[in-house]
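Chemist: Each residue of the sequence shown is one higher than the last, beginning at 4 in my numbering.
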Amino acid sequence: MPISGLTPAIRDEISRLGHADIMVGIPSFKNAATIGYVVRASQAGLVQYFPDLRPVLVNSDAGSPDGTARVVVETEPPDYVEQILLVRPTNKLSRVSLTYPEIDGVGGKGAALRTIFEIAAALEVQALVVVDSDLRSIIPEWIELLAGPIVKGGYDFVAPLYARYKYDGTITNTVTYPLTRSLYGNRIRQPIGGDFGVSGDLVRHYLELDDWTDDISRFGIDIWMTTSALTGGFAVCQARLGAKVHDPKDPGADLGPMFRQVVGTILRLAATHPDNWLSIRGSHDVPAYGFERIIDPPPLEVNTLRLLTELHSGSLTLADTWRGMFAPANAETVMVLAAEAGQLVDQARSRLGLAGDGAPSTATTLEMGEALAAFHFPDDLWARLVYDLVVAARSSTPPIEQLVAALVPIYFGRVGSFVIENRHQTTDQAEERVERQAREFELLKPYLVERWQQADASADGNNSAATAAGREAEAAEARR
Ligand SMILES: Nc1nc2c(ncn2[C@@H]2O[C@H](COP(=O)(O)OP(=O)(O)OP(=O)(O)O)[C@@H](O)[C@H]2O)c(=O)[nH]1
Ligand SMILES: [Mg+2]
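#1: Am I right that A341 and H315 are in contact with their C-beta atoms under 8 angstroms? What's the rounded C-beta distance?
#2: What number of angstroms, rounded off, separates the C-alpha of G419 from the C-alpha of I141?
#3: Let me know the secondary structure DSSP gives G464 once reduced to three states.
#4: So which of A242, R192 and Y52 has the shortest CA-CA distance to I226?
#5: Using a Cβ cut-off of 7 angstroms (strictly closer), state whether A44 contacts chain D.
#6: According to DSSP, is D250 part of a helix, a strand, or is it coil?
#7: Looking at T234 and H276, is the spacing between their C-beta atoms short of 7 angstroms?
#8: Would you call the CB atoms of P194 and T183 closer than 7 angstroms?
#9: Just to confirm my understanding: we take R243, look at its own chain, exclude 5 residues before and 5 after, and list those with CB closer than 8 angstroms. What are they?
#10: If you follow the beta strand (DSSP E) that S202 is in, where does it begin and where does it stop?
#11: In angstroms with no decimal places, state the Cα-to-Cα distance between A23 and N333.
#12: Would you call the stretch 391-401 and the stretch 438-447 touching, i.e. three or more CB-CB distances under 8 angstroms?
#13: Give the DSSP-derived three-state secondary structure of F3 in the structure shown.
#14: In terms of DSSP beta bridges, what is Q241 paired with?
#15: Going by the C-beta, is R249 closer than 6 angstroms to any heavy atom of ligand 2?
#16: Could you check if G203 is buried or exposed, using at least 16 other CB atoms within 10 Å of its CB as the buried criterion?
#17: For K155, count the other beta carbons within 10 Å of its own beta carbon; 16 or more makes it buried, fewer makes it exposed. Which is it?
#18: With distances taken Cα to Cα, identify the nearest neighbour of P143 among L303, Y209, I87 and V74.
#19: Express the C-alpha separation of S97 and R19 in angstroms, rounding to a whole number.
#20: Applying the 10 Å Cβ sphere with the 16-neighbour rule, what's the burial state of L212?
#21: So who's on the other strand from A130, going by DSSP bridges?
#22: Suppose you measure from the CA of R326 to the CA of N279; what does that come to, to the nearest Å?
#23: Applying the criterion that 16 or more other CB atoms from any shown protein chain within 10 Å of the CB defines a buried residue, is E16 buried or exposed?
#24: Considering L49, what are the terminal residues of the alpha helix (DSSP H) in which it resides?
#25: Cβ atoms of L116 and F160: under 7 angstroms apart, would you say?
#26: Buried or exposed, going by whether 16 or more other CB atoms sit within 10 Å of the CB of T307?
#27: Among S100, D64 and L281, whose alpha-carbon lies nearest the alpha-carbon of F32?
#28: The beta strand (DSSP E) that contains P58, what's its start and end?
#29: Leaving out five residues before and five after R190 in sequence, what residues of the same chain have Cβ atoms less than 6 angstroms from its Cβ?
#30: From the DSSP output, in three-state form, read off L308 for me.
#31: Would you give the residue range spanned by the beta strand (DSSP E) that S97 belongs to?
#32: Count Cβ pairs between the stretch 441-459 and the stretch 420-427 that sit closer than 8 angstroms; are there 3 or more?
#33: Go through its chain and collect everything with a Cβ distance to A330's Cβ below 8 angstroms, but skip five positions before and after it.
#34: Within 10 angstroms of the Cβ of R221, are there 16 or more other Cβ atoms? Answer buried if so, exposed if not.
#35: Which of helix, strand or coil does DSSP assign to S282?
#36: If you draw a straight line from the alpha carbon of A458 to that of L138, how long is it in whole angstroms?
Okay, here's the thing in structure tokens:
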């Protein structure tokens, strides 16, 4: 197995552990406050639901200064689980916390997962479950729900399905869900949910791909796992986990870098796998396992004033870049929207009695939504912009990182519009809006295919022009 990138300490752990049937892997970075619970819930899941398999739990930590690793090692051991659940498993659960090595100087969630994959492959596990270390809502049954379809159902990849508050999961709702669905035809509702089940075969496939860009070593890992499962032809399903409650993030404040890493990865994969999506139209459901749940995830505030301000200020510095990366009509429509956003923000600020740009907002999501109610970012425009970017990502100039960075303010505008328009909607109604947008991506897929094929034709034209020019130069050389 390809364990060459591992540290001696990790190799020693692998030799000590020898072999396992089922593994839970938990990446972490400064999660001391929450990881203890995630470890106990995972242990309980392994012991309760898979008492006859050889289980191991591995925490792959970034060397967190807050004592995350210590919490993992010191939290109640598996014996505690056996006592409270009255189970006598055939095999003792092993528990390990280790510091993962960076990949070419880059650390992040993806680098943490690579170490988890390498350990899983070396131990020859049948099923690997990966869960985030900031989860509040994980219960032991999640381990059964994520590993069961692999162990009992022959699946290779289990994506999570959970209720999230209507403003949570904005990168998922605006890009990864609709784009994965329209490109590859699979309705995987949470392609970057962070909690997955992976078969031993698929773990080996991931390692063989050996595709560790800087983005994938960070937060690009989740969409890379999902897309690679699809493009590799692996059997995919979903598991109903209930609600995802974790350390929430305000999209305008926290999600810029994550957006760039995730969207950079999905675009790069689309550009390198056209054969996997060019002929696909429409989409199909992906089987979902687990009993239905009715849960209301906790609410989350979003600063829409800030999101719209970002769209407007983006237009002041990025207009030329936008004109270079989008079809002309789409670039112009975005410019108009950005100007509207700027005006509405000014009016809303004075209506709400808020000071200038940098001042912290004291208004609630609802109050801001009322003041910005006139703003609307249409579904079809967003789909076309994303598709323009898929086409732009074929070329290495400008680099994908630059394109995606320039999309961030527009994504903020799109999310702002979604939050404003759904301020009075229930989570179910907002979900219907997400579906509507995904259908719009499917409807406009011919637009993507046509633009892609035009780009193919002009690349061919350039190649034949280059070949003709080469022949002419050779002939001229011969004449001399
Ligand atoms: N080892 C390691 N783990 C990381 C790093 N960054 C994030 N993680 C882990 O990856 C998981 C997900 O990170 P979060 O920051 O919660 O991101 P998220 O929940 O996917 O994102 P949102 O849904 O947008 O909130 C958590 O378990 C983190 O501890 C890192 O640099 N190194
Ligand atoms: Mg999280």
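All residues carry an ideal CB built from backbone N, CA and C; glycine is no exception.
Modeler: The relevant details are as follows:
#1: 5 angstroms
#2: 29 angstroms
#3: helix
#4: R192
#5: In the displayed structure, chain D is absent; only one protein chain is listed.
#6: Residue state, collapsed to three classes: coil.
#7: yes
#8: yes
#9: L148, L164, Y165, A291, Y292, G293, F294, E295 and R296
#10: F199 to S202
#11: 53 angstroms
#12: Contact between the stretch 391-401 and the stretch 438-447 is not established, with fewer than three Cβ pairs separated by less than 8 angstroms.
#13: Since the first residue of the chain shown is 4 and the last is 483, residue 3 is not available in this structure.
#14: Beta-bridge pairing links Q241 to A162 and A291.
#15: The identity of residue 249 in the sequence shown is His, whereas the question assumes Arg. Result yes, Cβ under 6 angstroms from ligand 2.
#16: Buried.
#17: exposed
#18: I87
#19: Their backbone Cα atoms lie some 10 angstroms apart in a straight line.
#20: Around the beta carbon of L212, a 10 Å sphere encloses fewer than 16 other beta carbons of the protein chains shown; the residue is thus reported as exposed.
#21: Partner(s): I25 and S202.
#22: Between the alpha carbons of R326 and N279 lies a distance of about 29 angstroms.
#23: buried
#24: I38 to Y52
#25: Contact flag unset, no.
#26: buried
#27: D64
#28: P58 to D64
#29: R184, S286, D288 and V289
#30: helix
#31: S97 to T102
#32: no
#33: R387, D391 and R454
#34: Under this definition R221 is a buried residue.
#35: Here DSSP, grouped into helix, strand and coil, assigns S282 to coil.
#36: 44 angstroms
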